[in-house]
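*Asks:*
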Amino acid sequence: MKTNAKIMGRMAELIGTDGPEDRQSLHPPAAWDLVAIGVSIVMAMRGVSANKLRALLTTLGIIIGVAAVIVAIGIGEGSKAAVAASLKSLGTNTLTVLPGQQKRGAISMGFGSKSTLKLEDAEAILKKCKDVLSVSPEVSQAAQVQALDKNDNVTINGVGVNYRTINNHVIEHGRFFTDQENTRRRRVVVLGATAASDLFGSMEPINKTLRIAGQSFQVIGVLKKKGATGPRNPDSGVYVPLMTAMKRLFGLEYVQDITCQAKSSSVMDDAQDEITSLLRQRHRLKTDTNDFILFNQSDLMQAQNEQQGTFTTLITCLAIVSLGVGGIGIMNIMLVSVTERTREIGVRKAIGARRRDVLAQFIVEALFLSSVGGILGIAAGYLGADLVSNVNGWSVNIATGTVLMAFGFSAVVGVFFGFYPALKASRLRPIEALRYE
Amino acid sequence: MNEDVIRVVGLGKTYESGSNKVVALQDVNLTVRRSDFVAIMGPSGSGKSTFMNVIGCLDVPTTGSYQLDGLEVESLNDDELAMLRCTKIGFVFQNFNLIARTSALANVEMPRFYNFRGLKGRVETALRRLDEVGLSERIHHTPNEMSGGQQQRVAIARALVNDPSLILADEPTGALDSRTSEEIMAIFQHLNDEGRTVVIVTHEPDVAAHCKRIVKFRDGRVVSDEPVANPIDAREVLAGDRHYK
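Order-wise, the sequence lines are chains A and B.
Sequence positions in the first sequence follow the numbering used here and run 16 to 452.
Sequence positions in the second sequence follow the numbering used here and run 78 to 322.
1. Determine, for Trp47(A), whether the minimum Cβ-Cβ distance to residues of chain B falls below 7 Å.
2. Could you check if Met261(A) is buried or exposed, using at least 16 other CB atoms within 10 Å of its CB as the buried criterion?
3. My guess is that Gly272(B) and Ser112(B) are in contact by the Cβ rule of under 8 Å, so how many angstroms apart are they, rounded?
4. Could you confirm whether any beta carbon from chain A is found closer than 7 Å to the beta carbon of Val135(B)?
5. Just to make sure I have the definition right: I need the residues of chain B whose C-beta is within less than 7 Å of the C-beta of Ala368(A). Which are they?
6. Taking the Cβ atom as the reference point for each residue, do Leu207(B) and Ala234(B) lie within a distance shorter than 7 Å?
7. Helix, strand or coil for Glu289(A)? Go by DSSP, reduced to three states.
8. Comparing the C-beta of Ala168(B) with each C-beta of chain A, is any distance below 7 Å?
9. Could you pull out every unbroken beta strand (DSSP E) segment of at least 3 residues lying fully inside the segment 237-271 of chain A, listed in chain order?
10. Assign Met16(A) to one of two classes, buried (16 or more other C-beta atoms within 10 Å of its C-beta) or exposed (fewer than that).
11. Between Leu253(B) and Ile261(B), how many whole angstroms is the CB-CB distance? I'm expecting something under 8 Å.
12. Who are the Cβ neighbours of Val430(A) in its own chain at under 7 Å, not counting the five residues just before and after it?
13. Report the rounded CA-to-CA distance for Ser280(A) versus Gly80(A), giving the unit in angstroms.
14. Which of helix, strand or coil does DSSP assign to Tyr397(A)?
15. Closer than 8 Å is the cut-off here; do at least three beta carbon pairs connect the segment 392-406 of chain A with the segment 308-328 of chain A?
16. Report the rounded CA-to-CA distance for Ala20(A) versus Ala101(B), giving the unit in angstroms.
17. Given that Asn405(A) touches chain B, what residues does it touch there, using C-beta distances under 8 Å?
18. What's the call for Ala318(A), buried or exposed, on a 16-neighbour Cβ count within 10 Å?
19. Give the range of the beta strand (DSSP E) segment to which Glu303(B) is assigned.
20. Is Pro220(B) buried or exposed, if buried means 16 or more other CB atoms sit within 10 Å of its CB?
21. When the Cα of Leu196(B) is compared with those of Val86(A), Arg61(A), Ala51(A), Ile85(A), which residue comes out closest?
22. Less than 7 Å between CB atoms is the rule here; does Ile446(A) satisfy it with respect to chain B?
23. Run down chain B in chain order and give the residues with a C-beta less than 9 Å from the C-beta of Asp372(A).
24. Should Glu289(A) be labelled buried (16 or more other beta-carbon atoms within 10 Å of its own) or exposed?
25. By DSSP, does Gln228(B) sit in helix, in strand, or in coil?
26. What residue range does the beta strand (DSSP E) around His188(A) cover?
27. Measure from the C-beta of Glu452(A) to each C-beta in chain B and report whether the shortest distance is under 7 Å.
28. Whole angstroms are fine: how far does the CA of Leu110(A) sit from the CA of Ala210(A)?
29. With a floor of 3 residues, list each beta strand (DSSP E) that falls wholly inside the segment 142-217 of chain B, ordered by position along the chain.
30. I need the DSSP call for Gly207(A), collapsed to helix, strand or coil.
31. Could you list which residues in chain B have their beta carbon closer than 9 Å to that of Glu92(A), in chain order?
32. Quick one: give me the first and last residue of the beta strand (DSSP E) that Met118(B) is part of.
33. Closest to Val57(A) by CA distance: which of Asn192(B), Met187(B), Gln171(B), Met223(B) is it?
34. Under 7 Å between beta-carbons, which chain B residues line up against Pro436(A)? List them in chain order, please.
35. Near Arg356(A), which residues of its chain fall below 7 Å by C-beta distance, leaving aside the five closest residues on each side in sequence?
36. What is the rounded straight-line gap between the Cα of Ser126(B) and the Cα of Gly87(B)?
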């Protein structure tokens, strides 16, 4: 059949009196390849402006997807970083010794209710445990504080001189108290940033006098704001020397906790063992039960960090779902218009567009919509992240990788669903495309 | 310039769908000379649409040879066929097939973008063609803002913009009322008077009666090929039809 057709064709050529017109006349010059790309760009832009609603909906899908991913992952990363920062400021190598629980029959009075820790225990820990760098015994009780016209019931912390370094506190104004001030039970006080502004407002508190439980104390320092890291907010703390607190204010023989700083975070377990055996020996314990509790703060933070990880995973899942929804939105819009597009491709091919002209037009269109949507999505993502951090006070970290990933994914979705139906349509013969229902 | 715009020898077209073989055209021989005005008629399934697709280079024949303006079509690749359609054929469709939400001017201008010889002066030419079909007032209107007759005139202007050797119209009046059909036929007759070759596929005898020659198809073959003794002059009909106005 085929060869027959060929022979017939040749015969027809022989019959023809005029030779066939030059086939070469149908070939555009090489420079046309470049011009054709320009033509495709013009056609794509005309296509976009002729289908504004479709263009808007497509970009909207991408905008939502990109913005959602940026905000969600930004929140996740931000809170992760916040936890890491607070872990660092808390000191990863601190151990807290608390007295054991007091029990009356079956009723537990809670941690720290026993009076078993003595000042000498703290001194012994510092002296005998080789992996412990410094210690800060502490007491705290509520007392009435008067300053200017304020009169508040505030928790007073009696702390050792090493308290500041162990807890990574930074002095904002003035200074922290000295060992001498502690042993001489001087009435000096250091305020947390919030406590200072609560008591003195905008006034400079250094060298001002305030009354704690009726006794006058001189303010010698203000700590830099640190932010809450646990149940206690160090910024609203009122700190006095330990001995002053024990002897002058509260009349205590026992300390309420001892914060110990290990030499490094890698010897935490050793320090813990040393403190345990020392205290057991000092307290002459015979049963397995300890009359104190050793509390490792990095363990707590570890647990908090793991919880944070779950939160980040959850929020990332949400982001992926919203990207998917955006993608499906784009797909729907493109599939709905596929009939019209197919017919348009049929018309264009019938009136002389080559397949590559049609494909280039639709690639340019899809790329244009995706990148416009992607750029607007990034802008919306940054705005959204700003809003979240301003309204909720969450820290939001936007990594460049996240932005690129979100942009890349949306671009792929946009180009795929924008271009794939066009690719299929361009493969049809023009008459099939024209009759497409 | 070749005197024969269309020269078809022993043309056959068979469609295969699964095990079914449908013979749409067999052994068709036809020559259309320059400046001819041919109506191709026949009932549905007679093969006239297939024939139009083949001579419009939208479909390839199974057997036989087809020369368009002296060029052997069978040997051409897809890109060459696209350029052939672009420069040598002006299509007019039954349902107009304009690009939606795009102005009349942009629609008419479009084929010039695909013609590497036609990029220059495309707007001027498009405006001139729109003026020729009487739409110079509506160049910025989109298809949905125009009547069927106006849309078809835009489509004719588009078909003319690359100055083709052949105007190929598939049921151009099929979607129009009789008055508008007469107006469209007047345009085709005017174009033919200017020396353009026009081939119209139609099943309406009234439309065919405007042409110079009628070719009838039945069961994939040409069954008659006769000149029209006294073609109807659409312009006279329109001038005489006072009650339409």
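Yeah, the Cβ is synthetic: ideal placement off N, Cα and C, and Gly gets one too.
Since this is a predicted model, take the numbers as computed values, not measurements.
*Replies:* A quick look at the data gives this:
1. yes
2. buried
3. 5 Å
4. Note that residue 135(B) is Leu in the sequence shown, not Val. It does: the Cβ of Leu135(B) has a partner Cβ on chain A nearer than 7 Å.
5. Ala159, Tyr191
6. yes
7. helix
8. The sequence given here has Phe at residue 168(B), not Ala. True, the Cβ-Cβ gap to chain A drops below 7 Å.
9. 253-256
10. Residue placement at Met16(A) cannot be trusted, given a pLDDT of 44 that sits under 50; what the coordinates show is reported in the next sentence. Counting Cβ neighbours within 10 Å, Met16(A) comes out exposed, since fewer than 16 surround it.
11. 6 Å
12. Ala381, Leu382, Ser385
13. 42 Å
14. helix
15. no
16. Annotation note: pLDDT 48 at Ala20(A) (below 50); position unreliable, coordinate value reported separately. About 16 Å.
17. Near Asn405(A) there are no residues of chain B at all, since even the closest Cβ is about 42 Å away, more than 8 Å.
18. It counts as exposed.
19. 298-304
20. buried
21. Ala51(A)
22. yes
23. Ala159, Phe190, Tyr191
24. buried
25. DSSP, read as helix, strand or coil, puts Gln228(B) in helix.
26. 186-189
27. no
28. 26 Å
29. List check, beta strand (DSSP E) in window: 166-169.
30. DSSP places Gly207(A) in coil when its eight states are reduced to three.
31. Correct list: empty, because the minimum Cβ distance to chain B is about 44 Å.
32. In the DSSP assignment, Met118(B) falls within the beta strand (DSSP E) that extends over 114-118.
33. Met187(B)
34. In chain order: nothing, as chain B lies at least about 16 Å away.
35. Pro436, Ala437, Ala440
36. Taking the straight line from one Cα to the other gives about 17 Å.
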